[in-house]
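Colleague:
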Amino acid sequence: MLILGTDLAGKDHFANVVSDAATAAGVQVERRRGWLCARPDQERTSEGKSWSRLWLERLFLATLPLHCRLLPALTGLLLLVDVRLFRRPAAGLTCVVSHTAVRLLAIACGHLVDRPEAIRLPRLTIRALGAMRATGVRVVVLDIDHAVRVQRLADRRGRGTVDHFDRYMGS
């Protein structure tokens with residue numbers, strides 16, 4: 000299962016509920032974060048990011064105007080590599096919380112086009128998305144009302160755990 004969604008949509012919470020229910024039913028769940036091929040990750044939240052990860056987020060957002068037009072093709076390449084390296088666990092289910100390349104593609108499309116009908120992806124990216132589908136991964140997409148997002152952002156600010164993407168998406 001791949002859990003996608005906008006920032007502050009509750010991807011980690013959804014993953015926790017699904018993982019806990021599966022585990023209670025006797026099904027082993029291997030959680031991963033950001034990539035199909037990522038190492039197992041037991042973190043139940045994405046709020047405690049390291050300074051290096053926060054720095055990379057800031058660098059990405061600061062340079063976005065320079066590389067935004069390249070992102071659709073780059074994400075296609077990243078997706079193909081991810082699918083090629085993906086291995087299912089020996090037993091149980093795989094639950095991937097978010098996907099870095101898909102997130103980059105969404106950010107780029109949001110900047111490059113005004114409406115969904117105008118999205119034109121490179122052939123490489125279309126092929127990569129097809130390869131991802133061929134893995135049999137089930138995708139869950141979460142979204143929330145803007146007012147809920149604003150409240151969750153305020154809650155994170157209160158806890159001191161807001162990151163650069165939270166600020167960017169909240170603006």
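Using numbering that gives the first Met the number 0, the first residue of the sequence shown is number 0, and each one after it goes up by one. For each residue, glycine too, the CB sits at the ideal point set by N, CA and C.
Does Leu120 come out as helix, strand or coil in the three-state DSSP assignment?
Modeller: coil
Colleague: For the candidate residues Tyr167, Arg148, Glu42, Leu69, whose alpha-carbon lies nearest to that of Ala107?
Modeller: Comparing Cα-Cα distances from Ala107 to each of Tyr167, Arg148, Glu42, Leu69, the minimum goes to Leu69.
Colleague: Can you give me the C-alpha to C-alpha distance between Leu103 and Arg52, rounded to a whole angstrom?
Modeller: 15 Å
Colleague: Can we say the region 30 to 50 touches the region 146 to 153, given the rule of at least three CB pairs closer than 8 Å?
Modeller: no
Colleague: For Gly9, which three-state DSSP category applies?
Modeller: coil
Colleague: Where do the ends of the beta strand (DSSP E) carrying Ser97 lie?
Modeller: 92 to 98
Colleague: How about Leu128 and Phe85: do their beta carbons lie closer than 8 Å?
Modeller: no
Colleague: How would you label Ser18, buried or exposed, when you count the other beta carbons within 10 angstroms and need 16 or more for buried?
Modeller: buried
Colleague: From the DSSP output, in three-state form, read off Ile125 for me.
Modeller: helix
Colleague: So, using beta-carbon positions, are His163 and Arg57 closer together than 8 Å?
Modeller: The answer is yes: Cβ separation under 8 Å.
Colleague: Can you check the region 31 to 103 for any alpha helix (DSSP H) of at least 4 residues that lies completely inside it and give the ranges in chain order?
Modeller: 50 to 66, 70 to 84
Colleague: For the beta strand (DSSP E) holding Gly4, just list the boundary residues, first then last.
Modeller: 1 to 4
Colleague: Which stretch, first to last residue, makes up the alpha helix (DSSP H) that contains Val136?
Modeller: Run containing Val136: none; DSSP gives neither H nor E here.
Colleague: Report all residues from its chain with a CB closer than 7 Å to the CB of Lys10; omit the five preceding and five following residues, and keep chain order.
Modeller: Ile2, Gly4, Val96, Ser97, Leu141
Colleague: What is the rounded straight-line gap between the Cα of Asp113 and the Cα of His12?
Modeller: 31 Å
Colleague: Out of Arg32, Ala72, Trp54, point me to the one whose CA is closest to Arg126's CA.
Modeller: Residue Ala72 is the option with its Cα nearest to Arg126.
Colleague: Mind reading off the beta-carbon distance from Asp6 to Met168? Whole number of angstroms is fine, and I expect it under 8 Å.
Modeller: 4 Å
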